[in-house]
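J.: Before I ask anything, here is the structure I am working with.
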Amino acid sequence: MRVGDLSEEELLAVITPLLPRGPQTPVGTGDDCAVLSFPDARTAVSTDVLVEGHHFRTEWSTGRDVGARAAAQNLADAAAMGARPVALVIGLVMPPTTPVAWVRDFAQGLAQGCEPCGAGVVGGDLSGGESLVVAVTVLGDLEGRAPVLRSGARPGDLVVHAGTLGRSAAGLALLSA
């Protein structure tokens, strides 16, 4: 089955049950907007876009891979600012030939990425287009703390990185060879 075989409502019925709602979401997907409850009125917000052929290739990356990456890079942005990631909003543009199984895997990847920090997927939009495009917005609760800004870095500060630097570039070079 392909995305073009389903209405938007039918496709949402496939993926919505796979996505976490999040504990601070009195109104989630299915309405015109989600409603989030933040004890601290300050919210950190960021958006990243992934475009097929530039940021990922479906012949190399599964839907789960793309969903997990989209969640991780946005959740990390909120955490880097000192905010607790609370919610993601997802925009997904797909050609009508996109397999529904790829979209289901993408939703499972998003859920996998959200699980460790308890963030929910609270809404978004689905659209048709010529290539796959994923836009993710993260909302994070500063919980009364001042945001951690890049401009606040000073000589002698400890810089921490998780993972192995250069692994993505090395993998791309191997796959492209």
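Just remember that this note's numbering sits 9 ahead of the position in the sequence shown, which is counted from 1. Beta carbons: idealized from backbone N, C-alpha and C, even for Gly. Being a predicted model, the structure only gives us computed values, none of them experimental.
In chain order, which continuous runs of the alpha helix (DSSP H) of length 4 or greater are located wholly inside the segment 63-131?
T.: Counting whole runs of 4 or more residues, the segment 63-131 contains the alpha helix (DSSP H) stretches 72-89 and 109-123.
J.: Can you name the start and end residues of the beta strand (DSSP E) that residue 53 belongs to?
T.: It spans 52-60 - the beta strand (DSSP E) in which residue 53 sits, taken as one unbroken run.
J.: Would you call residue 29 buried or exposed, if buried means 16 or more other Cβ atoms sit within 10 Å of its Cβ?
T.: Residue 29 is buried by the Cβ-count criterion.
J.: Per DSSP, which one or two residues make a beta bridge with residue 143?
T.: BP columns for residue 143 point to 59 and 101.
J.: Quick one: residues in its chain with C-beta nearer than 8 Å to the C-beta of residue 106, no 5 flanking neighbours on either side, listed in chain order?
T.: Counting only Cβ-Cβ distances below 8 Å, and skipping sequence neighbours, we find 11, 12 and 13.
J.: Give the straight-line distance between the Cα atoms of residue 141 and residue 45, rounded to the nearest whole angstrom.
T.: Rounded to whole angstroms, residue 141 to residue 45 spans 28 Å at the Cα level.
J.: Less than 8 Å separating the beta-carbons of residue 183 and residue 69?
T.: The answer is no: Cβ separation not under 8 Å.
J.: Assuming contact is defined by CB atoms lying nearer than 8 Å, are residue 100 and residue 144 in contact in what I supplied?
T.: Against a cut-off of 8 Å, the Cβ pair of residue 144 and residue 100 comes out as a contact.
J.: Could you pull the DSSP bridge partners for residue 44 from this structure?
T.: Paired residues: 36.
J.: So residue 89 packs on residue 157, CB below 8 Å; how close in whole Å?
T.: The pair is a contact, with the Cβ atoms about 7 Å apart (cut-off 8 Å).
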